[in-house]
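K.L.:
Okay, handing you the structure first.
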Amino acid sequence: MGILTNLFSSKRKQIPILKATITFDDDNNTSIEFEKLHSGLVSPEYIRMVLHYYAKMLVNIDPNQPDSINAYDLLLTSIDNIVISDITENPNILKIADIDDVVRLAKPTGQYYSFIAILYSLSGLLRHISTEIPTNGTLQQVAFSVPILIHGVLQFLNANEIQILQRALTLMNERYRKSNDYNDLKTWESVPINAFLASIIASED
């Protein structure tokens with residue numbers, strides 16, 4: 236049960252753990268950087284960053300926008316591709332996600348747009364994420380940012396943790412495709428929390 240060990244006292248609220256910054260330029264060159272915000276940070280928190288960020292990006296896609304259906308489909312399909320692939324040995328995540336023809340891992344130049352996410356510990360096993368989405372970013376970049384985040388976190392995960400990540404993403408997509416409800420502000424964060432816990436339990440059976 237090592238991964239389930241409480242990292243922080245349940246009496247402390249809104250403790251920042253990890254920050255991720257994903258940057259695009261106008262040509263969709265992109266980079267990702269992480270900042271550790273707590274000395275007790277351990278690798279499973281990178282998994283949780285991905286899960287909560289994925290859920291939050293689905294929430295942030297406005298269903299009333301003309302391209303929203305395409306953005307939902309692009310994002311869910313890219314995750315479908317990632318969870319069925321071997322991503323343990325230096326994978327080309329952008330190719331696996333089928334977005335490598337549009338976005339490139341390269342230093343952004345000129346005008347750029349940064350997507351910022353901060354993961355917090357609320358208590359024990361509960362996590363919360365805050366995000367800053369650039370007003371001039373595109374829905375396509377919202378969708379792209381999730382596989383890019385996955386690319387970034389893999390360097391911090393071992394093979395077992397990568398399997399936990401893939402299993403949790405699988406559970407999330409099963410939930411999303413069954414309900415077609417990505418924007419429930421009352422329950423959206425329970426999806427990544429439950430998926431993470433279920434994946435941890437499955438890994439320890």
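Here this note's numbering is used: the first residue of the sequence shown is 236, the next is one more, and so on.
C-beta atoms are modelled at their ideal positions from N, C-alpha and C, and glycine is treated no differently.
All values reported here derive from a predicted model rather than from experimental measurement.
Should L406 and A433 be called a contact, given that it needs their Cβ atoms to be closer than 9 Å?
P.N.:
Taking the first residue of the sequence shown as position 1, residue 406 is located at position 171. Taking the first residue of the sequence shown as position 1, residue 433 is located at position 198. Yes, these two residues count as a Cβ contact at 9 Å.
K.L.:
Taking Cβ to Cβ, would you say D333 is nearer than 9 Å to T312?
P.N.:
Numbered from its first residue, the sequence shown carries residue 333 at position 98. Numbered from its first residue, the sequence shown carries residue 312 at position 77. Taking 9 Å as the Cβ cut-off, D333 and T312 qualify as a contacting pair.
K.L.:
Can you tell me whether S414 is buried or exposed? The criterion is at least 16 other CB atoms within 10 Å of its CB, across all chains shown.
P.N.:
Along the sequence shown, read from residue 1 onward, the residue named residue 414 stands at position 179. Its Cβ having fewer than 16 others within 10 Å, S414 is exposed.
K.L.:
Is the separation between the beta-carbon of I257 and that of F350 shorter than 9 Å?
P.N.:
Stepping through the sequence shown from its first residue, residue 257 is reached at position 22. Stepping through the sequence shown from its first residue, residue 350 is reached at position 115. Cβ distance < 9 Å, so I257 and F350 count as in contact.
K.L.:
Taking all protein chains shown into account, decide if R344 is buried (16 or more other Cβ within 10 angstroms of its Cβ) or exposed.
P.N.:
Against the sequence shown, residue 344 aligns to sequence position 109. The amino acid at residue 344 is misidentified as Arg; the sequence shows Thr. Exposed, because fewer than 16 other Cβ atoms sit within 10 Å of the Cβ of T344.
K.L.:
For H386, which residues in the same chain have their Cβ closer than 6 Å to its Cβ, ignoring the five residues on either side in sequence?
P.N.:
Reading the sequence shown from its first residue, position 151 is the one you call residue 386. Closer than 6 Å at the Cβ level, and outside the excluded window around H386, lie I328.
K.L.:
Quick check: the region 363 to 370 against the region 314 to 325, are there 3 or more CB pairs under 8 Å?
P.N.:
They do not touch, by the three-pair rule.
K.L.:
From I282, N263, N264, pick the residue whose C-alpha is nearest to that of V388; which is it?
P.N.:
In the sequence shown, counting from the first residue as 1, residue 388 sits at position 153. Out of I282, N263, N264, I282 has the C-alpha closest to the C-alpha of V388.
K.L.:
Going by DSSP in three states, N325 sits in which element: helix, strand or coil?
P.N.:
Here the question's residue 325 lines up with position 90 in the sequence shown. Three-state result, N325: coil.
K.L.:
Out of S278, Y348, T323, which one is the CA nearest neighbour of D260?
P.N.:
Translated into positions along the sequence shown, residue 260 becomes position 25. It is Y348.
K.L.:
Using CA coordinates, which residue listed in A352, A255, A290, I322 is at the minimum distance from L310?
P.N.:
By one-based count along the sequence shown, residue 310 stands at place 75. For the residues A352, A255, A290, I322, the minimum Cα distance to L310 belongs to A290.
K.L.:
Where do the ends of the alpha helix (DSSP H) carrying S356 lie?
P.N.:
Translated into the one-based positions of the sequence shown, residue 356 becomes position 121. Segment 347 to 358 is the beta strand (DSSP E) holding S356; no alpha helix (DSSP H) there.
K.L.:
Which same chain residues end up closer than 7 Å to I252 when comparing Cβ atoms and leaving out the 5 residues on each side of it in sequence?
P.N.:
Sequence index remark: in the sequence shown, residue 252 carries index 17 (1-based). Taken in chain order, the residues that qualify are L272, H273, L276, E280, L354, Y355, S356.
K.L.:
Hey, quick one: how far does the alpha helix (DSSP H) through A306 stretch, first residue to last?
P.N.:
As a working mapping, residue 306 is identified with position 71 in the sequence shown. Run containing A306: 303 to 318, per the alpha helix (DSSP H) assignment.
K.L.:
According to the neighbour-count rule (16 or more other Cβ atoms, all chains shown, within 10 Å of its Cβ), is S278 buried or exposed?
P.N.:
In the sequence shown, the residue the question calls residue 278 occupies position 43. When all chains shown are included, S278 counts as exposed.
K.L.:
Spatial neighbours of S438 within its chain, please: C-beta separation below 6 Å, excluding the five flanking residues on both sides.
P.N.:
By one-based count along the sequence shown, residue 438 stands at place 203. These residues qualify, in order along the chain: I399.
K.L.:
Taking T265 as part of the beta strand (DSSP E), name the residues at either end of that continuous run.
P.N.:
The residue you call residue 265 lines up with position 30 of the sequence shown. Element bounds for T265: 264 to 271.
K.L.:
Give me, in chain order, the residues of the same chain whose beta-carbon lies closer than 6 Å to that of F269; leave out the 5 immediate sequence neighbours on both sides.
P.N.:
Reading the sequence shown from its first residue, position 34 is the one you call residue 269. If we look at F269 and ignore the five residues flanking it on each side, its Cβ neighbours are A255.
K.L.:
Which residue's Cα is closest to the Cα of E396: I250, D262, I368, V285?
P.N.:
The residue labelled residue 396 in the question sits at position 161 within the sequence shown. If we check each option's Cα against that of E396, V285 comes out closest.
K.L.:
Identify, in the order they occur along the chain, each residue of the same chain with its Cβ nearer than 7 Å to the Cβ of Q300, setting aside the five sequence neighbours on each side.
P.N.:
Taking the first residue of the sequence shown as 1, we reach residue 300 at position 65. The residues are L374.
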